[in-house]
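Residue numbers (this note's numbering): 8 to 153. Note that CB positions come from ideal geometry on N, CA and C, so glycine has one too. Since the structure comes first, as structure tokens, the remarks are kept for the end.
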Amino acid sequence: YTPDADFSCFADLALTSPADYYKENQGSLLQLVLTPGDPFIRQNNEAIAQHVLKQVHELFPSSRELNMTWYSVVKLAQSLYREAPGMDPYRPNQKTPVSNFFLAGSYTQQDYIDSMEGATLSGRKAAKAILEYTPEIVERSPVVSC
8 YTPDADFSCF ADLALTSPAD YYKENQGSLL QLVLTPGDPF IRQNNEAIAQ HVLKQVHELF
68 PSSRELNMTW YSVVKLAQSL YREAPGMDPY RPNQKTPVSN FFLAGSYTQQ DYIDSMEGAT
128 LSGRKAAKAI LEYTPEIVER SPVVSC
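And the structure:
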């Protein structure tokens, strides 16, 4: 994460998943997530790719001699929970009012932004809620005798 770029996270897929993405003498394959995405939704894909390339070159000087050979832009306007002051009360809890129905995901109540870390923490909170609910399930379950 860096405050100096519009991408909140990135991965060189040739390094993180070499079996799928590494190709001899073909360099890196970067995957970047731009958040918030609002400023980019209406931009054309070429403008977005060039903007990101400029930021990559600024952050990683060794990349300045490399060329971008292709790119793909995927725009998901509402894929992330919108972070804004006062929005936390609207994030749903992991335990819902519906019996035996639980939620997990980065959009739920947890201490992080909408991220993989937030999703992980939410999953742990959901698992805890399920374990706390388990005695209620056992008490209501019919006893089967053999």
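Suppose contacts are defined by Cβ-Cβ distances below 8 Å. Is D13 in contact with Q50 by that definition?
no
Note the first and the last residue of the continuous beta strand (DSSP E) segment covering D121.
Unbroken run through D121: none, as it is neither H nor E.
For my contact list, L36 and D19 are in at a C-beta cut-off of 8 Å; report their separation, rounded to the angstrom.
7 Å
With DSSP as the reference, label V81 as helix, strand or coil.
coil
What is the DSSP secondary structure of K102, reduced to helix, strand or coil?
In this structure, K102 counts as strand in the three-state DSSP scheme.
Quick one: is S129 buried, meaning 16 or more other Cβ sit within 10 Å of its Cβ, or exposed?
buried
Can you look up F14 in the DSSP assignment and give me helix, strand or coil?
strand
DSSP state of L66 mapped onto helix, strand, coil
helix
Under the three-state DSSP convention, the category Q50 falls into:
coil
For the 8 Å Cβ check, are there 3 or more pairs between the region 101-117 and the region 67-85?
no
Measure the alpha-carbon distance for A21 versus E72 and round it to whole angstroms.
A21 and E72: Cα-Cα distance of roughly 18 Å.
Which residue's Cα is closest to the Cα of Q85: T103, F47 and V59?
F47
Host beta strand (DSSP E) of L41 (start-end):
Bounds of the beta strand (DSSP E) holding L41 are L37 to L41.
Under the DSSP definition of a beta bridge, which residues are partnered with D95?
As far as DSSP is concerned, D95 takes part in no beta bridge.
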